[in-house]
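Under the working numbering, think of the first position of the sequence shown as 16, with each following residue one higher.
Everything below concerns the one structure shown next.
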Amino acid sequence: MTTRSNTSPPKPVTSGRHLPWSGAHVDRIAAVAPPTGPHATATRPAHVECGRITRIPAGAFARSAILINEATVTFQSVLAQARAEGRTLLNEVEAKELLREAGVPATAATLATSRDQAQSQADAMGYPVVLKVVSQDIAHKSDVGGVKLNLQDRAAVGEAFDAIMTSAKAAEPNARIAGVSVQQMAKQGTEVIVGMTTDPQFGPVLMFGLGGIMVEVLKDVSFRLVPLEAKDADQMISEIKGKPILDGVRGQPPSDLAALRNTILKVSEFVQKHPEVRELDLNPVFAYPDGALAVDARIVVSEA
């Protein structure tokens with residue numbers, strides 16, 4: 016990574032309709048910041064300067080009048096519960112419930128607060144399952160032994176629950192642990208990330224790139240302002256350097272790009288509909304030859 020002189024103009028991250036950002040710490044996309052200094056105004060493209068209104072699809076305002084539906088009621092109830100508990104981070108179970116209701120493909124998840132409850136939920140869900148620690152104070156679950164994969168039966172779930180609680184408490188003694196999430200084990204796919212942060216100047220911004228640890232290492236991502244149209248999502252996918260991986264390499268089948276486009280657009284609709292959402296991460300999303308599925312989700316909302 017090279018260091019740019021303070022006197023040279025910032026280089027855009029992506030081509031097309033984008034924010035003229037010079038880079039991002041993509042471990043948490045909220046760290047992305049617009050350029051500052053003498054070139055900040057000069058490098059801001061005209062379509063960003065005045066295009067926020069003209070890019071809104073025809074009929075968007077009319078449609079917004081009929082968006083008060085069951086999903087909105089659910090969102091407001093979850094938001095109220097989180098705020099009543101003094102937290103801005105929704106747990107994974109809450110996040111996935113909201114996203115699934117919004118049409119974002121994601122694994123179903125339930126919250127278990129005891130060993131017996133985890134086992135009962137796993138029995139009802141069907142094996143194999145995954146258990147993950149649920150805590151607003153633990154950002155990286157795997158780092159504290161908070162994830163157990165491919166659990167094949169009731170006994171394995173019980174042992175995993177005990178191990179997660181013991182390990183997480185040992186690693187983070189002061190963490191508030193709500194329990195564990197129980198969810199079905201998803202088959203492995205090509206890992207991508209769909210994320211969102213709120214820029215103080217431009218508003219909600221979506222990010223797409225290769226997922227898992229690849230996003231932290233390669234930082235191969237693209238950005239767009241919300242709201243998005245189908246062509247914007249297609250451009251986000253095609254702009255990343257890792258696009259050949261999605262096209263299929265060394266005998267691997269290509270990923271379903273239409274499903275990825277739909278996921279991006281559904282996330283765009285979700286954050287446009289709920290301005291209380293300040294940050295969102297789906298990482299990873301498994302891209303398959305037929306479909307896509309988010310297996311981890313994180314949502315941060317505004318304070319009351």
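Even for Gly, the Cβ is constructed at its ideal location relative to N, Cα and C.
Quick caveat, the model's predicted, so the values are computed rather than measured.
Give me the Cβ distance between residue i and residue j, rounded to the nearest whole Å; I'm assuming they're in contact under 8 Å.
i	j	result
V119	V241	No, V119 and V241 are not in contact; Cβ-Cβ is about 14 Å, not under 8 Å.
G226	V197	22 Å between Cβ atoms; not a contact.
Q151	N106	7 Å
L164	M200	6 Å
E291	L94	6 Å
Could you pull out every residue in the same chain whose Cβ sits closer than 6 Å to the Cβ of residue i, ignoring the five residues on either side in sequence?
i	result
V315	T103, L104, R293, E294
A186	V159
A110	A312, I314
G257	L225, D235
R239	L221, D247, M251
S317	E291, R293
A274	G306, A307
V145	L164, Q198, M200
S270	T205, L261, A302
Who are the near neighbours of residue i in its chain, counting only those whose CB is closer than 7 Å to its CB and skipping five residues on each side?
i	result
R169	Q134, A137, D138
L280	L243, A245, A248
A319	R98
K147	E107, K156, G161, V162, V195, S196
What's the gap between the Cα of residue i and the Cα of residue j?
i	j	result
G218	V286	11 Å
F223	M211	9 Å
F301	L113	19 Å
N298	V195	18 Å
L308	T122	7 Å
P143	L166	5 Å
G161	A124	15 Å
G266	I260	11 Å
E174	E254	44 Å
Y303	V209	15 Å
A268	G204	Note that residue 268 is Pro in the sequence shown, not Ala. Each residue's Cα considered, the two are about 10 Å apart.
A183	S92	29 Å
G306	G101	37 Å
T128	V264	43 Å
A193	L221	29 Å
S237	F90	28 Å
D131	E284	38 Å
A117	L233	30 Å
H289	R276	20 Å
P272	D262	At residue 272 the sequence reads Leu, which differs from the Pro that was named. Straight-line Cα distance between these residues: approximately 9 Å.
I228	A178	24 Å
Q96	A154	20 Å
T213	A171	41 Å
F176	K202	22 Å
Got a sec, what are the start and stop residues for the alpha helix (DSSP H) residue i sits in?
i	result
D305	No alpha helix (DSSP H) contains D305, which DSSP labels as neither H nor E.
T10	Here the chain covers residues 16 to 319 and nothing more, so residue 10 does not appear.
I260	258-262
V159	Counting along the chain, V159 falls outside any alpha helix (DSSP H), and DSSP gives it neither H nor E.
I252	245-254
A110	107-116
Is residue i close to chain B? Criterion is C-beta to C-beta, closer than 7 Å.
i	result
F285	The structure shown has no chain B; it contains just one protein chain.
Report all residues from its chain with a CB closer than 8 Å to the CB of residue i; omit the five preceding and five following residues, and keep chain order.
i	result
R115	A121, A123
R191	S150, Q151, D152
T278	V119, P120, V209, L297, V300, A307, A309
M180	V148, I192, V195
Can you give me the start and stop residues for the beta strand (DSSP E) that residue i sits inside?
i	result
R130	Not the beta strand (DSSP E): R130 falls in the alpha helix (DSSP H), residues 130-140.
V144	144-150
I314	312-316
R265	Note, R265: premise wrong, no beta strand (DSSP E); not H, not E.
T125	124-127
V236	236-240
Practice problem: Could you pull out every unbroken beta strand (DSSP E) segment of at least 3 residues lying fully inside the stretch 183-226, listed in chain order? | Solution: Whole beta strand (DSSP E) segments, 3+ residues: 192-199, 205-214, 218-225.
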